[in-house]
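Participant: First, the structure itself, so that you have it in front of you.
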Amino acid sequence: PQDPKLRELLDAGNAGGRLENRMITVVYGPDLVNISYLNLVAFQDDIAKEWSDEVFSLATNLLAQNMSRDAFLEFQPVALVYTKLKLQVTPEGRIPLKNIYRLFSSDRKRVETALEACNLPSSRNDSIPQDDFTPEVYRVFLNNLCPRPEIDHIFSEFGAKSKPYLTVDQMMDFINLKQRDPRLNEILYPPLKQEQVQVLIEKYEPNSNLAKKGQISVDGFMRYLSGEENGVVPPEKLDLNEDMSQPLSHYFINSSHNTYLTAGQLAGNSSVEMYRQVLLSGCRCVELDCWKGRTAEEEPVITHGFTMTTEISFKEVIEAIAECAFKTSPFPILLSFENHVDSPKQQAKMAEYCRLIFGDALLMDPLEKYPLEAGVPLPSPMDLMYKILVKNKKKSHKSADGSAKKKLSEQASNTCSDTSSMFEPSSPGAGEADMESDDDDDYDDDCKKSSMDEGTAGSEAMATEEMSNLVNYIQPVKFESFEVSKKRNKSFEMSSFVETKGLEQLTKSPVEFVEYNKMQLSRIYPKGTRVDSSNYMPQVFWNAGCQMVALNFQTVDLSMQINMGMYEYNGKSGYRLKPEFMRRPDKHFDPFTEGIVDGIVANTLSVKIISGQFLSDKKVGTYVEVDMFGLPVDTRRKALKTKTSQGNAVNPVWEEEAIVFKKVVLPSLACLRLAVYEEGGKFIGHRILPVSAIRPGYHYICLRNERNQPLTLPALFVYIEVKDYVPDTYADVIEALSNPIRYVNLMEQRAKQLAALTLEDEEEVKKEIDHGDAPSEANNEPRPTPAENGVNFTASLTPKPATQVVHSQPAPGSVKAPAKTEDLIQSVLTEVEAQTIEELKQQKSFVKLQKKHYKEMKDLVKRHHKKTTDLIKEHTAKYNEIQNDYLRRRAVLEKTAKRDSKKRSETSSPDHSSSTIEQELAALDSEMTQKLVELKEKQQQQLLNLRQEQYYSEKYQKREHIKLLIQKLTDVAEECQNNQLKKLKETCEKEKKELKKKMDKKRQEKITEAKSKDKNQMEEEKTEMIRSYIQEVVQYIKRLEDAQSKRQEKLVEKHKEIRQQILDEKPKVK
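To convert, note that position 700 of the sequence shown is 700 in full-length UniProt numbering; the numbers rise steadily by one, no gaps.
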């Protein structure tokens, strides 16, 4: 402290050590810019260090920032809201209830009810003893303040309909079927067993008697849903879990642009503290815009050139970086220098500060395993742990012998020096600079190149040499083309792209951009026209594999929120391993792909927003928006926006359909964002979740603020389904294979539904199903229309027809492999089977007709449903009209009776009209009852007529469909059978050729055996073999033709039987 009295006071009794070593400064605030300081002084150095370490550990604890809902309710409110209530007591030590009403001011009646449920006073002017308001009472109060009927429904749905608990088996089914990630390997991550579920029940069930019996109540079930085992993201994803031994170019690196700025790009304060806060937030690449200092000390400064932003000391920035470089992550820091210092002396100072302050942490020389040579990859983050790397323009080593060259070099240097003085940040009338130049100012490059050509001449060369010596693995070069970069194959060379140039390259050469980023680093930075420090969407460049996507950390917009969501995982190390396809040299990836990529398992994600809890302390409506960010094909902005809850922000419930992301092509690079807003559009909170790590099932999602800091109470309760993507072509096959019992049961259920529809016996319906009128798809059953006014007006529909031809069925004329037999005829004769009715029903034309019939039946039901809905609306309106007329007339009579009664009381007249009024009221009630009875009878009759009309219409159309299907099946059978007979002729010819081939082979074998005998004997045997061969061929051909003829007759007879089976169905549907 500057004040000597204060310093003397603080130094009093300073036996514990120097004041600087005993001081602790706690920096806190809602974001990186608006921060406050709390200074504390300890009595001893070791106490100060212990406090400092523990407070920092608490502030950066990843598990504390990602606590379960149960932990938030137990610890956070206790530490904040509950503690606040316990401290704000009256002089008598009692808690005023008005403080509780003030904290939950959105609904006073709800607070009153919750207090009564806790057996506490409920009047606003009352107070309660501190001992009565325990943490457990506070928890019960919160549960009653925010009742959860939706959880009661889930609890009942999973087996607790007739009893107030779930058994251990039911709980096990719930966890394994609903909460388990189906993408996990069942061997590595087996489903929970009964004893494991019993442990969970004992942990969460408050009733010990139930827990011992293996039963869990709805209260225990709620505790499990909000417990640590049921987090929406596995805790291991928060910890360092990615391979950190890959080359540096294989990682996304959390990067900052113009790190020193606290506001816009043109005006505002620069701050050394921003470097501390940015590094502590997990950033690994910071930017330093260095300019020549104009003070007498000639100290270099950091500022934004050609603007009105303030200057800060370069040395202080280096000290701040050294102080906070590895507090939150051990992996390398990259310093991106934008060096405008044209003073050799000041550049020498910059290099000296870096060497002295960073010490051994500064990587001065390349690692032995990774020399700066073409074809050698970059070292890994693991190799560079606790190291600081400098990105600055590298001095080229060229000789400058000869006085003429030296003279030209000096002239160029002087010209550059004179020119550069015009472009210093404080120069008046400097003109507008190119706002999109980061490291690459072409004019400045030429000047520096001339200075480099000067070689060792002068102190300037020594200064630039010193700064250049700091650069190794991150050497910025001007980007020429992807072809040139590939040819040079130097991983230590990198290029910076303004966002517009980056988009241009991504649009023109997306695959080449991804390939470039496999070997070399690229840095993207905002365009100069973003003077308000807004950010571009980083996802665009992550899709291309760009590593250093630099953003303005002082602006917490949506882009920055996505960036914070990205780097929240992997231990918040600031490094995220790129997807495998963006790293492998043998694979090529197009970020604009719309189809499934071979080797990448796409996902299907479904999100249902069920309810919210404590979203706001105001009585306002709230709604939720759901976004998906990823590849262009995966990105869907505002994919879902729920309806606005009506004045309820405590426990709104949204009864809406789930939003389904059918195909997420690259889950490892996609994220889901859920954001909650007030009805006026004011932001409440949000959460960003990686698709590849999201757990399915029922989960609480604790919300964060704009800065990704956890909010205390606001949360969403959601149901998520996530699984490997299956194309529609194979969806029903997968369903049948995964659950064959359900598939068979579904077929039986459909047969019964069909019987109910046509009022025919089940045996007849089953035959109709066998002839193709019912489909075999497992997932295409139409949903029944919801009941209206207690009556369901939609009749059961015919199940949806098959949507595809099953290609695995034998094609017309397909044959089975010949059986092994010693008989030569049987060895070549193939068995040909007639196509069954089931196989005929899979033909394309038949399936198409099924689809058409299904659509016609669906349209018919829709039309009748609309008629029924319109009729109900008409009768409802009529009922309201009668009711309103009745209430109006009754009110008039009652008013008249009241007025007459008053007059009689004033004049003391006898009561003659009282009975008359009562009679009129009775008549009015009778008339009202009669009208309602008539209306009800009329409604019932009309509904009955509509139902009958619908029934007969559906029955008629059903029978017509069956007739058409039978006719179509007959036509298909004739066509397929004709094709099969044609193919049979071809088969016969092939069999004859095969028979001759086998017999010829036998003849050759006999001739070979005869060669070993006497020559004369051999000739005789050969002649005999030829004669015998001719006779055998004729006999075998004849036998084969007889067998083929019998086979064809059998096939034709089978064809007739199949056609007759189809024709036999015709009389049933006349």
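Glycine included, each C-beta is placed from N, C-alpha and C at the ideal position.
If I measure Cβ to Cβ from Q198 and keep anything under 7 Å in the same chain, skipping five residues before and after, which residues do I get?
Facilitator: In the sequence shown, residue 198 corresponds to position 198, counting from 1. Hits under 7 Å: V168 and G214.
Participant: Figure out for me which residue from F482, Y101, C671 and N339 has the closest Cα to the Cα of R518.
Facilitator: For the purposes of this step, residue 518 is identified with residue 518 of the sequence shown, where counting begins at 1. Residue 518 is actually Lys in this sequence, not Arg. Of the listed residues, the one whose Cα sits closest to K518 is F482.
Participant: So what's C976 in DSSP terms, helix, strand or just coil?
Facilitator: Here residue 976 refers to the residue found at position 976 when the sequence shown is read from its first residue. It is helical.
Participant: What residue range is occupied by the uninterrupted alpha helix (DSSP H) comprising R704?
Facilitator: Residue mapping note: residue 704 aligns to position 704 of the sequence shown, counting from 1. Unbroken run through R704 is the beta strand (DSSP E), G697 to R704; no alpha helix (DSSP H).
Participant: Express the C-alpha separation of M274 and E338 in angstroms, rounding to a whole number.
Facilitator: As a position in the sequence shown, residue 338 is number 338, starting the count at 1. As a position in the sequence shown, residue 274 is number 274, starting the count at 1. C-alpha separation (whole angstroms): 17 Å.
Participant: Please report how far the alpha carbon of Q939 lies from the alpha carbon of R899, in whole angstroms.
Facilitator: As a first step, residue 939 must be located in the sequence shown, where it is residue number 939. As a first step, residue 899 must be located in the sequence shown, where it is residue number 899. Rounded to the nearest angstrom, the two C-alpha atoms are 40 Å apart.
Participant: According to the Cβ coordinates, are H257 and A550 closer than 7 Å?
Facilitator: Here the question's residue 257 lines up with position 257 in the sequence shown. Here the question's residue 550 lines up with position 550 in the sequence shown. Yes, the pair counts as a contact, with Cβ atoms nearer than the cut-off.
Participant: For K968, which residues in the same chain have their Cβ closer than 6 Å to its Cβ, ignoring the five residues on either side in sequence?
Facilitator: Start at 1 with the first residue of the sequence shown, and residue 968 comes out as number 968. Same-chain partners within the cutoff: F846 and L849.
Participant: Which runs of the beta strand (DSSP E) at least 3 residues long sit entirely within the region 235-278? Give them in chain order.
Facilitator: Entirely contained in the region 235-278, the beta strand (DSSP E) runs reaching 3 residues are, in chain order, 251-256.
Participant: Would the beta-carbon of I474 fall within 7 Å of that of K391?
Facilitator: On the sequence shown, position 474 is the one that residue 474 refers to. On the sequence shown, position 391 is the one that residue 391 refers to. A contact, by the Cβ cut-off of 7 Å.
Participant: Looking only at its own chain, which residues have a Cβ that is under 7 Å from the Cβ of L797, when we skip the five neighbours before and after it?
Facilitator: The residue you call residue 797 lines up with position 797 of the sequence shown. Residue placement at L797 cannot be trusted, given a pLDDT of 32 that sits under 50; the coordinates are not used to answer.
Participant: Spatial neighbours of L266 within its chain, please: CB distance less than 6 Å, with the 5 preceding and 5 following residues excluded, ordered by chain position.
Facilitator: Residue numbering aside, residue 266 sits at position 266 when the sequence shown is read from its first letter. Same-chain partners within the cutoff: T307 and V531.
Participant: What residue ranges within the UniProt domain "PI-PLC Y-box" (467-583) form continuous beta strand (DSSP E) runs of no fewer than 3 residues, ordered along the chain?
Facilitator: List check, beta strand (DSSP E) in window: 493-498, 522-525, 548-551 and 575-577.
Participant: For W51, does the three-state DSSP call read helix, strand or coil?
Facilitator: Here residue 51 corresponds to residue number 51 of the sequence shown, with the count starting at 1. In the structure shown, W51 sits in a helix (DSSP, three-state: H, G or I).
Participant: Nearest CA to the CA of D586: which residue from M566, V514 and R183?
Facilitator: Within the sequence shown, the letter at position 586 stands for residue 586. For the residues M566, V514 and R183, the minimum Cα distance to D586 belongs to V514.
Participant: For S336, which three-state DSSP category applies?
Facilitator: Here residue 336 refers to the residue found at position 336 of the sequence shown. Reduced to three states, the DSSP call for S336 is strand.
Participant: Does DSSP classify H138 as helix, strand or coil?
Facilitator: Stepping through the sequence shown from its first residue, residue 138 is reached at position 138. A small correction: the amino acid at residue 138 is Tyr; His does not occupy that position in the sequence shown. Note: Y138 maps to helix in three-state DSSP.
Participant: With the cut-off set at 7 Å, would you say L577 and A544 are in Cβ contact?
Facilitator: Taking the sequence shown and counting its residues from 1, one reaches residue 577 at position 577. Taking the sequence shown and counting its residues from 1, one reaches residue 544 at position 544. For L577 and A544, no; Cβs fall outside 7 Å.
Participant: Could you give the C-beta distance for M537 and S559, rounded to a whole number, given that I count them as a contact under 8 Å?
Facilitator: For this step, residue 537 is matched to residue 537 along the sequence shown. For this step, residue 559 is matched to residue 559 along the sequence shown. Going by Cβ atoms, the distance from M537 to S559 rounds to 5 Å, so yes, they are a contact pair.
Participant: Given E466, which residues of its chain have a CB within under 8 Å of its CB, disregarding the five upstream and five downstream residues?
Facilitator: Mapped onto the sequence shown, residue 466 falls at position 466. Within the same chain, E466 has close Cβ partners Q347, A348, A351 and E352.
Participant: Just list the residues that DSSP pairs R687 with in beta bridges.
Facilitator: The count along the sequence shown starts at 1 and reaches residue 687 at position 687. Partner(s): L674.
Participant: Could you check if A922 is buried or exposed, using at least 16 other CB atoms within 10 Å of its CB as the buried criterion?
Facilitator: Stepping through the sequence shown from its first residue, residue 922 is reached at position 922. With fewer than 16 Cβ atoms within 10 Å of its Cβ, A922 is classed as exposed.
Participant: With a threshold of 16 other CB atoms inside 10 Å of the CB of G680, please say whether the residue is buried or exposed.
Facilitator: For the purposes of this step, residue 680 is taken as residue 680 along the sequence shown, with counting starting at 1. With fewer than 16 Cβ atoms within 10 Å of its Cβ, G680 is classed as exposed.
Participant: State the Cα-Cα distance for the pair A795 and S208, rounded to the nearest angstrom.
Facilitator: What you label residue 795 is simply residue 795 of the sequence shown in a count that begins at 1. What you label residue 208 is simply residue 208 of the sequence shown in a count that begins at 1. Residue placement at A795 cannot be trusted, given a pLDDT of 33 that sits under 50; the coordinates are not used to answer.
Participant: What separation, rounded to the nearest whole angstrom, lies between the Cα atoms of V81 and C146?
Facilitator: Start at 1 with the first residue of the sequence shown, and residue 81 comes out as number 81. Start at 1 with the first residue of the sequence shown, and residue 146 comes out as number 146. One C-alpha to the other measures close to 16 Å.
Participant: By DSSP's criteria, A1043 is part of a beta bridge. Which residues make up the other side?
Facilitator: The residue given as residue 1043 occupies position 1043 in the sequence shown. According to DSSP, which records beta bridges pairwise, A1043 is partnered with nothing at all.
Participant: In this structure, how does DSSP classify R94 when only helix, strand and coil are distinguished?
Facilitator: Locating residue 94 in the sequence shown gives position 94, where the first residue counts as 1. Reduced to three states, the DSSP call for R94 is strand.
Participant: Given a cut-off of 7 Å, decide if P696 and V722 are closer than it, judged by their beta-carbon atoms.
Facilitator: The sequence position of residue 722 within the sequence shown is 722, counting from 1. The sequence position of residue 696 within the sequence shown is 696, counting from 1. Result yes, Cβ atoms of V722 and P696 sit closer than 7 Å.
Participant: Can you give me the Cβ contacts of E1057 inside the same chain, cut-off strictly under 6 Å, excluding the 5 residues immediately before and after it?
Facilitator: On the sequence shown, position 1057 is the one that residue 1057 refers to. So the list is empty, once near-sequence residues are dropped.
Participant: List the endpoints of the continuous alpha helix (DSSP H) containing P149.
Facilitator: By 1-based counting over the sequence shown, the position of residue 149 is 149. P149 to E157 is the span of the alpha helix (DSSP H), which, as asked, contains P149.
Participant: Report the three-state DSSP secondary structure of L184 (helix, strand or coil).
Facilitator: Translated into the one-based positions of the sequence shown, residue 184 becomes position 184. Residue state, collapsed to three classes: coil.
Participant: Count the other CB atoms within 10 Å of the CB of G565; is the residue buried (16 or more) or exposed (fewer)?
Facilitator: Along the sequence shown, one-based indexing puts residue 565 at 565. G565 is buried by the Cβ-count criterion.
Participant: With distances taken between CB atoms, is the gap from S606 to V676 smaller than 7 Å?
Facilitator: Looking up residue 606 in the sequence shown gives position 606. Looking up residue 676 in the sequence shown gives position 676. Cβ distance not < 7 Å, so S606 and V676 don't count as in contact.
Participant: Got a sec, what are the start and stop residues for the beta strand (DSSP E) D169 sits in?
Facilitator: On the sequence shown, position 169 is the one that residue 169 refers to. Looking at the DSSP string, D169 is not in any beta strand (DSSP E); the run it does join, the alpha helix (DSSP H), is V168 to F174.
Participant: In angstroms with no decimal places, state the Cα-to-Cα distance between L103 and D617.
Facilitator: The count along the sequence shown starts at 1 and reaches residue 103 at position 103. The count along the sequence shown starts at 1 and reaches residue 617 at position 617. Straight-line Cα distance between these residues: approximately 7 Å.
Participant: With a 10 Å radius around its C-beta and 16 neighbouring C-beta atoms as the bar for buried, classify P164 as buried or exposed.
Facilitator: By one-based count along the sequence shown, residue 164 stands at place 164. Exposed is the call here.
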